[in-house]
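Trainee: This structure is in structure tokens; I'll ask about it shortly.
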Amino acid sequence: MKSNRERLVVLNLSLTLLTCLGVGCSNDELYKEKATLQTDAKASSDSQPAKIHIQFAQWSVPSTKFVEEAISRFNENNKENIQIDLLNIPLDRYIETLNKLNASGSGPDVFELPKEWLNSYITKEWVTDLSPIISPAFLSSFPDWAVNSSKELLDSQDRMYSLPSNQLTYRLIYNKDLFRESGLDPDSPPKTFSELVEAAQIISNKEIGRSKYGIAMPMGEVWMDFVQPMEAINGYSGVHYYDFKTGKYDLTVYKPWLKTIKELNENGGVFPGMENMKSNQAMAQFADGNIGMMIASSWQASLLFDQFSPKSDWGVALPPAIDNARLGKGAIKIDTAGWNVVGSGTPYPEAAAKVWKFLYSDEYIGQLFAHSNMIPVINKQASDLANPIGTSHFRQFLPSSNDSVYPDTPLILEEWSRKKIYQKALAGNQDDPSLLEESSRLNTLLDVAVTSMTININNYYFPNFNPLTPLDRK
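Sequential numbering from 1 applies to the sequence shown in full-length UniProt numbering.
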């Protein structure tokens, strides 16, 4: 049991972190306080061996409650005298906070990264090469695509920095009650972009005066709420910002979706304030019956199985396609998450490595999957997908023949800026040249990289690429 002194130390550290994240404070204040409190914690008990405190940072997610429960069991049962201290960071400040912590040398011992940031952290030497502790048996538990994706990271030819632990799928969720009230068929959700616009407009017009809208499109966290869903669902129409058949970038393929979003926003079909709306706000409104439709990822939908219980009859369907001719021409893109790493500055590398392995275990992932909060990557865990403990709605988010992971693209570090180009195109005219100009810039960078032999284009060029089976590179 913790002493009162230890409890006060943990409480003070939590309050300090929350204060700094909420109102802002200098890095020096945060790191000095953290160091002082950790020193006090280690000296708090003379009668028992000091716990090895490993700080694990992740963004605040719907599964936080179950994460805390799994970590609590680890802390109680592990024989290594390891104590995991969970640091939840708000999603919209996650990377900024991690960057500041690591730049100051006070980064967490173990933390989760979006894949798009892994190469940057490898370049800055903020993460540890884990290949010495990853056995062939451990790797064999992952599907080939997950291992290959890890090996394609920068500087990872003979090294291993991370592996994905979970998958994100995308669906259209819709309020069947609002469909019925608006004269729409509750068993026939929109299948194309034009049908989506029409249905949203009908619902909004029918519900005038009741603060109910046809669709919500939260974009408060641009990457996860706007960029990833757009690129994922457009895969269902057979398009992707990188054309594996030609080995070239083409961001203009998203013009129809950007035009659809703008049309929805201008005709009053969208719940107001989409630019600043957070996922949890949108899900709360959907649960209250105020939203007709949403494009939702599996992690967003998990809020409906935990924090917000829908008051209306609702359904889950495949996302719409550009038009009927392109319906089902490709696979809906699966995004990967749970890319956990060990910080290079940890004073306890062995203990941190054990915590890292725990984050891929049945005791951890299985707990989250059982509560409809996470779709696992590991083969053994994923083999249970047919019989999840969670809700029937969650089962409709599980990967099917309509979903697939896509191969990595060549310019991972340089592609990040496309987020701003999408935003610019959305705010202005979709025929504005910015999408074409950014495509040209990326293709020029790719040509230079191929010419200088820093990139082998054969790893990213598949003349027979089939968008229905993206991982088949033959």
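Even glycine gets a Cβ: it sits at the ideal position worked out from N, Cα and C.
These figures come from a predicted structure and were not determined experimentally.
Just mark Arg-180 as buried or exposed, buried being the case when its beta carbon has 16 or more other beta carbons within 10 Å.
Mentor: exposed
Trainee: Mind checking which residues open and close the alpha helix (DSSP H) that includes Val-450?
Mentor: 434–451
Trainee: Near Ile-202, which residues of its chain fall below 6 Å by C-beta distance, leaving aside the five closest residues on each side in sequence?
Mentor: Ser-182
Trainee: Tell me the DSSP secondary structure of Arg-171 in three-state form.
Mentor: It is a strand residue.
Trainee: State the start and end residues of the unbroken alpha helix (DSSP H) segment that holds Ala-321.
Mentor: Where Ala-321 is concerned, there is no enclosing alpha helix (DSSP H), given that its DSSP letter is neither H nor E.
Trainee: What's the call for Lys-333, buried or exposed, on a 16-neighbour Cβ count within 10 Å?
Mentor: buried
Trainee: Taking contact to mean at least 3 C-beta pairs separated by less than 8 Å, is the segment 286–296 in contact with the segment 167–181?
Mentor: yes
Trainee: For Ser-309, is the classification buried or exposed, using 16 other Cβ atoms within 10 angstroms of its Cβ as the cut-off for buried?
Mentor: exposed
Trainee: Would you call Gly-269 buried or exposed, if buried means 16 or more other Cβ atoms sit within 10 Å of its Cβ?
Mentor: Buried, by the Cβ-count rule.
Trainee: Can you tell me where the beta strand (DSSP E) holding Asn-340 begins and where it ends?
Mentor: 339–342
Trainee: Over what stretch of residues does the alpha helix (DSSP H) that includes Met-230 continue unbroken?
Mentor: 228–234
Trainee: CA-CA distance, Ala-70 and Gly-343?
Mentor: 22 Å
Trainee: Run through DSSP, which three-state label would Trp-59 get?
Mentor: strand
Trainee: Would you kindly work out how many angstroms separate the C-alpha atoms of Phe-397 and Trp-299, rounded to a whole number?
Mentor: In this structure, the CA atom of Phe-397 is about 10 Å from the CA atom of Trp-299.
Trainee: Just to confirm my understanding: we take Gly-247, look at its own chain, exclude 5 residues before and 5 after, and list those with CB closer than 7 Å. What are they?
Mentor: Cβ within range, chain order: Ile-457, Tyr-460 and Tyr-461.
Trainee: Which residues does DSSP list as the beta-bridge partners of Val-270?
Mentor: Ile-215
Trainee: Just how far apart, CA to CA, sit Ile-89 and Trp-59?
Mentor: 5 Å
Trainee: Flag this pair as yes or no: are the beta carbons of Leu-87 and Gln-55 separated by less than 9 Å?
Mentor: In contact: Leu-87 and Gln-55 (Cβ atoms closer than 9 Å).
Trainee: Select from Ala-57, Asn-166 and Phe-465 the residue whose C-alpha is nearest the C-alpha of Gly-338.
Mentor: Asn-166
Trainee: Assuming Lys-278 contacts Gly-220 (C-beta within less than 8 Å), just tell me the rounded distance between them.
Mentor: 4 Å
Trainee: What residue range does the beta strand (DSSP E) around Gln-83 cover?
Mentor: 82–89
Trainee: Note down the Cα distance separating Glu-198 from Asn-267, rounded to an integer number of angstroms.
Mentor: 10 Å
Trainee: Look at the alpha carbon of Ala-331 and the alpha carbon of Tyr-254, and state the distance between them as a whole number of angstroms.
Mentor: 16 Å
Trainee: Could you tell me how far apart the beta carbons of Asp-369 and Phe-74 are, in whole angstroms, since I believe they sit closer than 8 Å?
Mentor: For the sequence presented, residue 369 should be read as Phe rather than Asp. About 17 Å separates the beta carbons of Phe-369 and Phe-74, which is beyond the 8 Å limit, so they are not a contact pair.
Trainee: Assess, as a yes-or-no matter, whether the segment 207–221 is touched by the segment 311–329 under the definition of 3 or more beta carbon pairs within less than 8 Å.
Mentor: No contact exists between the segment 311–329 and the segment 207–221.
Trainee: Quick one: Cα of Ser-392 to Cα of Thr-451, how far?
Mentor: Computed Cα separation, rounded: 51 Å.
Trainee: Glu-112 lies in the beta strand (DSSP E); which residues open and close that run?
Mentor: 110–113
Trainee: Just tell me which of Pro-256, Glu-207, Pro-470 and Leu-258 has its CA closest to the CA of Phe-271.
Mentor: Closest option to Phe-271, judged by alpha-carbon separation, among Pro-256, Glu-207, Pro-470 and Leu-258: Glu-207.
Trainee: Do Gly-107 and Leu-113 come within 9 Å of each other at the CB atom, strictly closer than that value?
Mentor: No, they are not a contact pair.
Trainee: Please report the residue range of the alpha helix (DSSP H) in which Ala-331 lies.
Mentor: Where Ala-331 is concerned, there is no enclosing alpha helix (DSSP H), given that its DSSP letter is neither H nor E.
Trainee: Could you name the residues of the same chain whose beta carbon sits closer than 6 Å to that of Pro-190, not counting the 5 residues immediately before and after it, in chain order?
Mentor: Counting only Cβ-Cβ distances below 6 Å, and skipping sequence neighbours, we find Leu-196, Ala-199 and Pro-320.
Trainee: Tell me whether the beta-carbon of Ile-378 lies closer than 9 Å to the beta-carbon of Ser-141.
Mentor: yes
Trainee: CB-CB under 8 Å to Leu-471, same chain, minus the five flanking residues each way: which ones, in chain order?
Mentor: Trp-145, Ser-404, Val-405, Tyr-406 and Pro-407
Trainee: Report the rounded CA-to-CA distance for Asp-28 versus Leu-98, giving the unit in angstroms.
Mentor: Because the pLDDT of Asp-28 is 48, which lies under 50, any placement of that residue in the model is unreliable, and the number read from its coordinates should be weighed accordingly. Going from the Cα of Asp-28 to the Cα of Leu-98 covers about 15 Å.
Trainee: Under 8 Å Cβ to Cβ from Lys-65, same chain only, skipping five residues before and after it: list those, please.
Mentor: Asp-306
Trainee: Exposed or buried, what is Ala-325 when buried is set at 16 or more other beta-carbons lying within 10 Å of its beta-carbon?
Mentor: exposed
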